[in-house]
Amino acid sequence: MDVMKKMSLILFGGAVGLLIALFFFGSDNNTFATSWLNFSNLPFFQTIQPAELAKLALIFYFAAWLDKKQRDGDLSTFHGGFLAFCTVAGFIIIPIMLQPDFGATLVLTCIAVGMYFIAGANWRHLALGTVVASLIVLVAVTQIDYLNNRFMSFFSPTQECAEDYCWQSEQAKIAVGSGGVWGRGLTQGIQKSYWLPQASDDFIFAASAEELGFLRILLVVLAYSVILYRGLQIANYAPDGFARLAAAGITIWITAQAFINIAVNVALFPVTGITLPFVSYGGSSLVTSLVGIAVLLNISQYTHKRA
């Protein structure tokens with residue numbers, strides 16, 4: 498963990514650099530957001546999504562930065578704590594907002610706020626941040642067309658919506674509902690073959706629910722709940738402040754992204770365009786998730802008591 502702590506600033510700077518590069522060399526890959534860098538000459542990754550790398554970079558840098566703030570006693574102050582937190586988080590979150598990538602922005606905000614809270618943030622500062630973030634979301638939803646369409650279709654679905662910009666949500670609901678208790682059987686899903694877009698990544702939970710059924714898909718939800726419980730245990734018994742915050746950040750990242758994705762798939766949240774960790778297709782997402790879990794397991798080896 499000492500190596501990760503020393504490299505945290507380099508990783509953070511590299512992630513910011515890749516996010517800025519998206520504005521000059523990025524590709525949208527037929528989506529609303531310019532989120533990919535294309536490298537046709539690489540042997541394994543022809544496309545890289547910097548937002549996935551930014552999640553790990555944010556966690557490691559925040560763990561080192563918040564740990565230092567705790568020891569210096571600046572975390573509870575307004576200027577040294579709250580304003581500094583907003584500034585540091587903004588280096589990663591703002592470029593992703595401008596892509597615009599609503600899903601990655603939401604996940605990164607959950608990570609940053611969760612780590613800030615666990616580090617010992619002043620509750621008044623958290624309340625102020627919540628108000629400011631709510632106002633920013635309100636402005637973004639009203640001014641950015643694709644966000645406005647997604648939120649409006651979520652709160653007031655219509656027939657026109659079902660045939661246009663909320664097609665994914667409607668087809669996902671049909672897939673989940675048609676799976677019943679036991680499902681249609683593996684490879685027997687109909688929605689993924691004809692009507693459900695992105696059934697291998699963003700909506701893989703709905704496609705799986707159709708084939709596996711309600712009882713089996715609940716095991717997936719249970720698996721993420723176990724990761725949440727065990728991850729927070731590891732963070733609680735971590736050997737030092739950096740390891741504690743890194744473990745908490747990784748746990749928040751994996752589980753928040755998973756539960757947001759599941760909520761989207763069952764129409765409890767507007768479409769965000771994020772993957773289901775360890776399950777969805779996507780090299781950048783899978784590799785960074787595996788690295789995050791590997792770090793979490795490494796921390797667990799050095800806990801003060803057996804977590």
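The working numbering puts the first residue of the sequence shown at 498, with every later residue one more than the last. Each residue gets a CB set at the ideal place from its N, CA and C atoms; glycine is no exception.
Assumed close pair residue i, residue j - CB separation to whole angstroms, cut-off 8 Å
i: Tyr-734; j: Thr-800; result: 4 Å
i: Ile-771; j: Gln-754; result: 6 Å
i: Ala-703; j: Ala-669; result: 4 Å
Residue i and residue j closer than 7 Å at C-beta
i: Phe-700; j: Leu-709; result: no
i: Gly-600; j: Thr-769; result: yes
i: Ile-477; j: Leu-534; result: It is not possible to answer for residue 477, since the shown part of the chain is limited to 498 through 804.
i: Ala-637; j: Ala-609; result: no
i: Gln-596; j: Ser-532; result: yes
i: Pro-767; j: Arg-681; result: no
i: Val-763; j: Val-673; result: yes
i: Ala-551; j: Ala-512; result: yes
i: Ala-616; j: Gln-567; result: yes
i: Phe-557; j: Ser-505; result: yes
Given residue i as reference, the closest of the options once Cα atoms are compared
i: Leu-635; options: His-622, Met-649, Thr-752 and Ala-703; result: Met-649
i: Gly-746; options: Ile-714, Leu-793 and Val-776; result: Leu-793
i: Ser-782; options: Ala-743, Ser-697, Ser-797 and Leu-506; result: Ser-697
i: Pro-592; options: Asp-571, Ala-530, Ile-556 and Phe-614; result: Ala-530
i: Gly-728; options: Asn-619, Gly-514, Phe-509 and Ala-791; result: Ala-791
i: Leu-773; options: Phe-756, Leu-765, Val-784 and Thr-785; result: Phe-756
i: Ala-872; options: Phe-579, Ile-687, Phe-520 and Val-718; result: This structure leaves residue 872 out entirely; the chain is present only between 498 and 804.
i: Lys-503; options: Pro-547, Phe-711 and Ala-554; result: Ala-554
i: Gln-695; options: Ile-714, Leu-623, Asn-758 and Tyr-643; result: Asn-758
i: Val-678; options: Met-501, Leu-712 and Cys-663; result: Leu-712
i: Arg-741; options: Ile-507, Gln-798 and Leu-515; result: Gln-798
i: Thr-584; options: Phe-559, Asp-598 and Cys-607; result: Phe-559
i: Phe-522; options: Gly-676, Pro-547 and Asn-795; result: Pro-547
i: Ile-714; options: Leu-683, Tyr-778 and Asp-499; result: Leu-683
i: Gly-514; options: Val-717, Ile-590, Phe-575 and Asp-737; result: Ile-590
i: Val-718; options: Tyr-691, Asp-737, Phe-775 and Met-501; result: Phe-775
i: Glu-667; options: Gln-640, Phe-536, Asp-598 and Leu-765; result: Leu-765
i: Ala-581; options: Gln-543, Cys-607, Gly-611 and His-622; result: His-622
i: Asp-737; options: Asp-642, Gln-640 and Ile-796; result: Ile-796
i: Ile-641; options: Asp-598, Ser-675 and Ser-786; result: Asp-598
Spatial distance of residue i from residue j (CA atoms)
i: Met-594; j: Ile-633; result: 11 Å
i: Ser-722; j: Ile-751; result: 10 Å
i: Phe-588; j: Leu-605; result: 11 Å
i: Trp-620; j: Tyr-613; result: 10 Å
i: Phe-739; j: Lys-565; result: 9 Å
i: Gly-686; j: Leu-725; result: 30 Å
i: Gln-688; j: Phe-652; result: 24 Å
i: Leu-644; j: Thr-602; result: 13 Å
i: Ala-743; j: Leu-508; result: 14 Å
i: Ala-706; j: Ser-573; result: 45 Å
i: Ala-720; j: Ala-760; result: 16 Å
i: Gly-779; j: Val-629; result: 33 Å
i: Phe-575; j: Gly-611; result: 18 Å
i: Glu-549; j: Asp-499; result: 23 Å
i: Thr-785; j: Cys-663; result: 29 Å
i: Phe-536; j: Ser-777; result: 21 Å
i: Phe-520; j: Gln-543; result: 18 Å
i: Lys-563; j: Gly-510; result: It is worth fixing the name first, because residue 563 is Leu in this sequence and not Lys. Looking at the two C-alpha atoms, the distance is approximately 17 Å.
i: Asp-571; j: Thr-639; result: 36 Å
i: Ser-675; j: Gly-577; result: 53 Å
i: Asn-526; j: Cys-607; result: 26 Å
inquiry  = Give the list of continuous alpha helix (DSSP H) stretches no shorter than 4 residues that lie fully inside the segment 706-747.
reply    = 711-733
Alpha helix (DSSP H) segments (min. 4 residues) lying fully within the segment 528-608 = 547-569 and 581-594
request  = Return the chain-ordered ranges of every alpha helix (DSSP H) run that is complete within the segment 625-689 and spans a minimum of 4 residues.
outcome  = 642-652, 656-659 and 664-675
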